[in-house]
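Visitor: Structure in structure tokens, see below.
Chains as they are written, first to last, in UniProt numbering: chain A, 1 to 512; chain B, 1 to 512.
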């Protein structure tokens with residue numbers, strides 16, 4: 001009793017001495033719950049930790065390595081990839097048209113820049129474009145799609161430029177979310193997924209429906225799993241959207257034409273709006289794989305399908321062979337959208353005015369590259385082939401080195417920019433992680449970062465089958481650096497297994 | 001009965017001939033209701049109509065004018081304003097660093113570009129920046145704010161680059177929206193307002209709380225009106241945010257220091273999060289007016305206020321003297337944000353990866369312009385003064401010509417880029433509009449567009465007191481073109497009044 005009174009008196013006198021800390025209007029309690037629910041592992045805690053370690057090294061602190069290698073994010077230029085000269089020439093000409101007089105810029109770059117500027121208000125990339133994007137760029141994109149899809153018609157009125165692909169994906173999802181309780185929109189996403197999807201679903205308060213990719217079958221999409229997942233979800237929400245990532249992120253698979261047909265047939269039968277994330281359409285490395293656009297496959301299924309399925313496809317300047325992430329360029333093509341809904345989409349986009357015009361210009365170069373009769377053709381194709389060739393080599397190297405490590409199993413990197421190996425984590429390490437309140441693969445990746453300076457993202461940030469563990473790493477570092485990275489991963493993994501595995505339970509292979 | 005059967009048979013045979021039109025997954029019925037509720041007049045129906053008319057003229061169609069003059073949107077370059085040379089030089093150098101060797105680029109531009117590139121991953125603006133923005137640009141912004149606010153401290157950790165100011169405003173509002181029913185977040189916005197605010201509030205499902213600016217007092221903000229509006233709103237929601245636009249859009253007023261103090265005192269007392277839209281901070285024309293940042297005024301009110309009020313301020317590359325809308329550059333400074341909430345903000349921003357890096361570079365030039373000892377100083381300041389001087393002239397011209405028209409009353413354009421005149425619309429025209437199911441000022445603006453080619457936005461798109469009518473026009477066309485535009489408005493207005501006013505009710509002045 002006495003002690004209680006003393007404590008009270010102490011508190012009261014402290015309150016007198018110091019004004020009470022004002023309560024925040026915006027606190028963790030009052031914060032938008034949907035924002036709180038958002039997670040985005042690609043820039044999550046592991047990346048924050050990596051930045052801290054980088055700072056320590058910069059300030060002369062001691063670490064068992066001299067640099068942090070960031071294999072967490074598909075950021076090609078940050079990993080030393082050089083920009084495509086022609087693309088930068090066109091954007092520089094658009095930015096500073098006085099360069100049109102410079103003899104050091106090729107005529108085909110000038111011609112493109114002039115054409116883009118003619119499509120801009122006041123012939124300046126400093127003017128807002130229309131919310132859908134610069135008209136002539138939309139036309140170039142439509143022409144590109146027609147060529148890519150061997151003549152399947154594309155209409156520029158269905159093309160919308162965007163601020164990277166993420167912005168387009170977010171806008172379309174925003175349209176689609178409605179209903180309450182069992183009528184709330186459910187969005188089917190692959191597991192593992194690129195966490196933009198789960199983040200957007202959380203932010204919009206939609207219902208996430210997981211369908212699992214088949215790891216034992218090179219991460220293929222099995223339509224039976226779509227059926228299972230859809231039927232289970234119908235019990236508690238209204239599945240209305242089917243998201244596909246092809247080539248896959250983080251899983252690197254390239255879908256076969258047959259598989260795409262099955263998926264589209266399923267979407268048609270169940271009246272699902274299909275969102276096809278095709279930002280890695282240029283990134284196909286496996287010789288037996290080929291990119292098939294969802295739109296082309298839909299077309300070949302006949303008019304009932306081609307006129308029936310609502311389909312949005314997304315593309316970006318950030319990936320492919322250009323890797324121009326910083327420009328935030330992208331576009332989406334949407335077919336079979338209800339015309340009134342399209343007007344609503346334009347209205348929604350118009351509130352944010354327009355996508356960055358220099359990003360639109362960068363996109364234009366990608367869809368309208370130098371032609372064989374133009375002066376920049378040779379250099380452009382040499383640069384493009386060098387980037388894609390190196391990526392194909394690195395995809396192979398990654399798979400090879402990782403699969404030689406006991407306790408790591410890596411599917412072939414058929415496309416995109418990532419490997420998503422399964423890693424065996426010994427039960428003792430799993431227990432330790434659980435005691436620390438973290439995912440086992442987070443413990444693994446944190447240890448990897450702290451001991452080797454390699455920054456990769458735990459599989460739990462992308463989703464994985466219960467009891468399996470993975471990490472995602474990019475194949476973007478230079479060949480030499482990637483080799484060092486993979487060897488460090490190998491040595492770390494062996495050490496890690498040894499540390500956590502007793503002699504008697506020396507099982508260290510990944511479960512089949 | 002017989003007829004019914006025939007109808008049935010016809011329908012059945014039609015169904016056989018033609019497959020039934022498939023129901024859309026995404027229809028007006030299933031569309032997100034919050035998206036449906038969004039309105040954005042600046043690019044609304046009147047602008048769509050203007051684009052149609054432009055197309056008709058291009059295709060050789062006959063109209064009583066030869067061009068559409070778009071005074072609907074603050075898009076300086078589209079109206080012929082030339083870019084600031086130095087800004088474009090820096091961005092071009094960042095885009096195509098080979099230009100560093102060119103003798104035609106000044107050293108101070110090269111120095112800035114080098115510094116920006118050193119802050120970029122792989123020294124490329126094609127790399128993602130951190131979600132908060134390029135670090136050295138954040139530092140430059142902090143230094144700029146300290147100088148602008150005569151020494152009030154600014155911390156670069158409180159600075160976040162954004163995709164135009166709109167993106168920053170949307171992100172902060174998103175954090176703040178929570179609660180249900182009477183606990184739902186209420187957002188106080190000025191009426192008239194820039195419709196980004198009402199659009200964002202609708203999209204996020206928050207509650208819009210109107211406070212009216214005092215048209216009879218040069219659109220000043222009266223703190224008594226804030227009290228009234230707050231108290232009324234408390235009955236049905238939880239007011240948590242106070243939005244201010246200074247200098248005003250669409251109203252062009254510049255707030256006095258005393259007025260800002262009153263507002264901040266009110267926000268402090270009522271625990272409101274203050275969002276200060278200060279994108280027109282460079283656009284002050286009236287000789288007796290001066291821009292005072294909300295932050296500086298808060299600082300001068302003493303530490304209890306400066307440490308107590310959560311304040312976000314927004315700026316942009318799109319306005320000021322640069323008018324670089326297409327780059328989508330902007331930033332926000334947020335003070336007193338709860339550290340945990342700040343981490344949540346960074347997480348939210350990271351899902352969209354980063355703002356466009358070329359827009360960030362453009363922002364850097366604005367906050368770090370050539371110094372007196374640098375080679376580009378003279379030209380830069382000449383260009384800047386020319387733009388701002390011309391805007392000041394046009395602000396005056398607009399007010400003068402409009403106020404000479406019977407039935408139009410225009411407050412002085414003290415700042416920003418817009419006039420928002422009140423127009424008298426005769427009762428007969430009001431009736432006609434109502435019969436057509438449109439706002440009277442929409443009828444007025446549509447007629448103005450169709451008869452003169454001038455595109456302005458009806459006041460109803462910004463909000464106005466019941467029974468008053470306005471339009472918003474920019475002062476961005478060249479002096480010559482603006483004069484023609486204003487004279488056309490004058491002649492149109494006189495004709496319009498004549499047409500709708502009987503001799504007996506010739507009252508045509510704006511109600512006091």
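For every residue, glycine included, the Cβ atom is placed at its ideal position computed from N, Cα and C.
Just checking: is the beta-carbon of residue 271/A within a distance shorter than 8 Å of some beta-carbon in chain B?
Guide: If you number the first chain from 1, residue 271/A lands on position 271. Taking Cβ atoms only, chain B reaches closer than 8 Å to residue 271/A, which makes this a yes.
Visitor: With a floor of 4 residues, list each alpha helix (DSSP H) that falls wholly inside the stretch 41-111 of chain B, ordered by position along the chain.
Guide: Runs found: 45-58 and 85-95.
Visitor: Span of the alpha helix (DSSP H) holding residue 161/A?
Guide: Locating residue 161/A in the first chain gives position 161, counting from the first residue. From DSSP, residue 161/A is part of no alpha helix (DSSP H) but of the beta strand (DSSP E) over 159-163.
Visitor: Any beta carbon of chain B sitting closer than 8 Å to that of residue 86/A?
Guide: Reading the first chain from its first residue, position 86 is the one you call residue 86/A. Answer no: the Cβ-Cβ gap between residue 86/A and chain B never drops below 8 Å.
Visitor: Run through DSSP, which three-state label would residue 452/B get?
Guide: For the purposes of this step, residue 452/B is identified with residue 452 of the second chain, where counting begins at 1. Looking at residue 452/B - three-state DSSP - the assignment turns out to be helix.
Visitor: Return no unless some Cβ of chain B is closer than 8 Å to the Cβ of residue 369/A.
Guide: For the purposes of this step, residue 369/A is taken as the residue at position 369 of the first chain. No, no contact with chain B.
Visitor: In whole angstroms, what is the alpha-carbon distance linking residue 66/A and residue 455/A?
Guide: For the purposes of this step, residue 66/A is taken as the residue at position 66 of the first chain. For the purposes of this step, residue 455/A is taken as the residue at position 455 of the first chain. Rounded to whole angstroms, residue 66/A to residue 455/A spans 13 Å at the Cα level.
Visitor: Which chain A residues sit within Cβ distance under 7 Å of residue 83/B?
Guide: Residue numbering aside, residue 83/B sits at position 83 when the second chain is read from its first letter. Under the 7 Å cutoff, chain A gives 124 and 126.
Visitor: According to DSSP, is residue 14/A helix, strand or coil?
Guide: In the first chain, counting from the first residue as 1, residue 14/A sits at position 14. For residue 14/A, the predicted structure reports a pLDDT of 47, less than 50, and the residue's modelled location is therefore unreliable. A value from the coordinates is still provided. In the structure shown, residue 14/A sits in a helix (DSSP, three-state: H, G or I).
Visitor: What residues from the stretch 30-48 of chain B come within 7 Å of chain A, judged by C-beta to C-beta, listed N to C?
Guide: If the cut-off is 7 Å between Cβ atoms, the stretch 30-48 of chain B has 30, 31, 32, 33, 35, 36, 38, 40 and 43 near chain A.
Visitor: Would you call the stretch 92-99 of chain A and the stretch 371-380 of chain A touching, i.e. three or more CB-CB distances under 8 Å?
Guide: Result no; under three Cβ-Cβ pairs closer than 8 Å.
Visitor: Anything in chain A within Cβ reach of residue 121/B, meaning under 7 Å, just list it in chain order.
Guide: For the purposes of this step, residue 121/B is identified with residue 121 of the second chain, where counting begins at 1. Within 7 Å Cβ-Cβ: 75, 77 and 78.
Visitor: Determine the direct distance from the alpha carbon of residue 136/A to that of residue 115/A, and round the result to whole angstroms.
Guide: In the first chain, the residue the question calls residue 115/A occupies position 115. In the first chain, the residue the question calls residue 136/A occupies position 136. Roughly 8 Å separates the two Cα atoms.
Visitor: What residue range does the alpha helix (DSSP H) around residue 228/A cover?
Guide: What you label residue 228/A is simply residue 228 of the first chain in a count that begins at 1. Unbroken alpha helix (DSSP H) run through residue 228/A: 223-234.
Visitor: How many angstroms separate the CA atom of residue 413/A from the CA atom of residue 28/A?
Guide: Indexing the first chain from 1 puts residue 413/A at position 413. Indexing the first chain from 1 puts residue 28/A at position 28. Each residue's alpha carbon lies about 41 Å from the other.
Visitor: State yes or no: is the beta carbon of residue 386/A nearer than 8 Å to at least one beta carbon in chain B?
Guide: As a first step, residue 386/A must be located in the first chain, where it is residue number 386. Closer than 8 Å: no.
Visitor: Quick check: the Cα distance between residue 230/A and residue 396/A, rounded to an integer number of angstroms?
Guide: Position 230 of the first chain holds residue 230/A. Position 396 of the first chain holds residue 396/A. If I take the Cα positions, the gap works out to 35 Å.
Visitor: On the three-pair Cβ rule with 8 Å, is the stretch 231-243 of chain A touching the stretch 479-498 of chain A?
Guide: Segments in contact, no.
Visitor: Considering only the beta carbon of each residue, do residue 470/A and residue 424/A sit closer than 8 Å?
Guide: Within the first chain, the letter at position 470 stands for residue 470/A. Within the first chain, the letter at position 424 stands for residue 424/A. Not closer than 8 Å, so no.
Visitor: Which value, in whole angstroms, describes the spacing of the CA atoms of residue 238/A and residue 205/A?
Guide: On the first chain, residue 238/A is found 238 positions in, with the first residue counted as 1. On the first chain, residue 205/A is found 205 positions in, with the first residue counted as 1. Near 13 Å, if we compare the C-alpha coordinates of residue 205/A and residue 238/A.
Visitor: The stretch 325-337 of chain A: which residues have C-beta closer than 9 Å to a C-beta of chain B, in chain order?
Guide: Listed in sequence order: 325, 326, 327, 328, 329, 336 and 337.
Visitor: State whether the stretch 299-313 of chain B contacts the stretch 123-132 of chain B, with contact taken as three or more CB pairs (one from each stretch) at a distance under 8 Å.
Guide: No, the stretch 299-313 of chain B is not in contact with the stretch 123-132 of chain B.
Visitor: Taking 8 Å as the cut-off, decide whether the C-beta atoms of residue 473/B and residue 71/B are in contact.
Guide: Here residue 473/B refers to the residue found at position 473 when the second chain is read from its first residue. Here residue 71/B refers to the residue found at position 71 when the second chain is read from its first residue. Yes; because the gap between Cβ atoms is below 8 Å, this pair is in contact.
Visitor: Going along chain A, which residues have a C-beta under 7 Å from residue 359/B?
Guide: Here residue 359/B refers to the residue found at position 359 when the second chain is read from its first residue. Within 7 Å Cβ-Cβ: 356.
Visitor: Name, please, each residue of chain A whose Cβ falls closer than 8 Å to the Cβ of residue 167/B.
Guide: Taking the second chain and counting its residues from 1, the one referred to as residue 167/B is at position 167. Under the 8 Å cutoff, chain A gives 352.
Visitor: In the DSSP assignment, the beta strand (DSSP E) including residue 277/B goes from what residue to what residue?
Guide: Position 277 of the second chain, counted from the first residue, corresponds to residue 277/B. Where residue 277/B is concerned, the enclosing beta strand (DSSP E) stretches over 273-277.
Visitor: For the alpha helix (DSSP H) holding residue 363/A, just list the boundary residues, first then last.
Guide: Residue numbering aside, residue 363/A sits at position 363 when the first chain is read from its first letter. That run of the alpha helix (DSSP H) goes 357-367.
Visitor: Is the CB-CB distance between residue 305/B and residue 280/B below 8 Å?
Guide: Locating residue 305/B in the second chain gives position 305, where the first residue counts as 1. Locating residue 280/B in the second chain gives position 280, where the first residue counts as 1. No, these two residues do not count as a Cβ contact at 8 Å.
Visitor: In this structure, how does DSSP classify residue 33/A when only helix, strand and coil are distinguished?
Guide: Counting from 1 along the first chain, the entry for residue 33/A is found at position 33. If DSSP states are grouped into helix, strand and coil, residue 33/A belongs with the helices.
Visitor: So the candidates are 418/B, 444/B and 479/B; which of them puts its Cα closest to the Cα of residue 73/B?
Guide: As a working note, residue 73/B is residue 73 in the second chain. When only C-alpha atoms are compared, the closest one is 418/B.
Visitor: Note down, in chain order, each residue of its chain lying with its Cβ closer than 7 Å to the Cβ of residue 145/A, except the 5 sequence neighbours on either side.
Guide: As a working note, residue 145/A is residue 145 in the first chain. Excluding positions up to five away in sequence, the list reads 154 and 333.
Visitor: Output the distance between the C-alpha atoms of residue 158/B and residue 331/B, rounded to the nearest integer angstrom.
Guide: Here the question's residue 158/B lines up with position 158 in the second chain. Here the question's residue 331/B lines up with position 331 in the second chain. Their Cα atoms are separated by approximately 10 Å.
Visitor: Can you tell me where the alpha helix (DSSP H) holding residue 238/A begins and where it ends?
Guide: One-based indexing of the first chain puts residue 238/A at position 238. Taken as a continuous stretch (DSSP letters only), residue 238/A belongs to no alpha helix (DSSP H), being part of the beta strand (DSSP E) at 238-245.
Visitor: Count the other CB atoms, across all protein chains shown, that sit within 10 Å of the CB of residue 373/A; report buried if there are 16 or more and exposed otherwise.
Guide: By one-based count along the first chain, residue 373/A stands at place 373. With fewer than 16 other Cβ atoms within 10 Å, it is exposed.
Visitor: Would you be able to state if there are at least three C-beta pairs under 8 Å between the stretch 107-124 of chain B and the stretch 100-115 of chain A?
Guide: In short, these stretches do not touch, since the Cβ pair count stays below three.
Visitor: Please confirm whether residue 118/B has its beta-carbon closer than 8 Å to some beta-carbon of chain A.
Guide: For this step, residue 118/B is matched to residue 118 along the second chain. It does not: the Cβ of residue 118/B has no partner Cβ on chain A nearer than 8 Å.
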